[in-house]
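Remarks on the structure that follows.
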């Protein structure tokens, strides 16, 4: 999109961000830090960086400062200052790479990777996998001895000491 500058309070771990750092947003979007600039206030940052780069859709500096007030108090802003973190989106993104990898495996390959076990009546191309497949896959790890519901009441079940 058109947003390429993140504004943050210059406190804590945000001070560790430097040019070349990689940031992961929402556990899937990778951004590369192009530059980090420090300002004394959000107002100064929004003026210098231009509001359209920092908060697209916000029309005035005053409105933009109100957005940051929802997260940071004026006292903290005056105490720490603020950072303008310029970012760009690299071509290679983890979510795209992972999607391509999983698509290349296909349903069977993905099932083997996850250790999914087919059960009788499993539709091999059904998504999401049926509950029976997920349950039997978990049971496979623990190798439980499963007896059916009627076995304790059969002669063999009774002789083996099977009980409910």
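Residue numbers (UniProt numbering): 1 to 164. Quick reminder that beta carbons are idealized off the backbone N, C-alpha and C, glycines included.
Residue nearest to residue i in terms of C-alpha spacing, selected from the options
| i | options | result |
| --- | --- | --- |
| residue 63 | 43, 24, 75 and 19 | 43 |
| residue 23 | 115, 100, 94 and 112 | 94 |
| residue 3 | 49, 28 and 15 | 49 |
| residue 28 | 113, 110 and 99 | 99 |
Residues near residue i by beta carbon distance below 8 Å, same chain, minus five either side
| i | result |
| --- | --- |
| residue 36 | 17, 18, 19, 83, 84, 85 and 86 |
| residue 33 | 17, 18, 19, 20, 21, 22, 23, 85, 86 and 87 |
| residue 47 | 61 |
DSSP three-state assignment for residue i, whether helix, strand or coil
| i | result |
| --- | --- |
| residue 85 | strand |
| residue 25 | strand |
| residue 115 | coil |
| residue 55 | coil |
| residue 7 | strand |
| residue 66 | helix |
| residue 90 | coil |
| residue 12 | helix |
| residue 20 | coil |
Beta strand (DSSP E) segment containing residue i, residue limits
| i | result |
| --- | --- |
| residue 38 | 29-39 |
Cβ neighbours of residue i in the same chain (closer than 7 Å, five flanking residues each side left out)
| i | result |
| --- | --- |
| residue 41 | 77 and 82 |
| residue 9 | 72, 76, 77, 80 and 82 |
| residue 25 | 31 |
| residue 15 | none |
| residue 110 | 102 |
| residue 58 | 51, 64 and 67 |
Residue i classed as buried or exposed, judged by whether at least 16 other C-beta atoms fall within 10 angstroms
| i | result |
| --- | --- |
| residue 55 | buried |
| residue 115 | exposed |
| residue 12 | exposed |
| residue 68 | buried |
| residue 106 | exposed |
| residue 7 | buried |
| residue 5 | buried |
The alpha helix (DSSP H) enclosing residue i, as first and last residue numbers
| i | result |
| --- | --- |
| residue 80 | 74-80 |
| residue 43 | 42-49 |
Cβ neighbours of residue i in the same chain (closer than 6 Å, five flanking residues each side left out)
| i | result |
| --- | --- |
| residue 39 | 45 and 82 |
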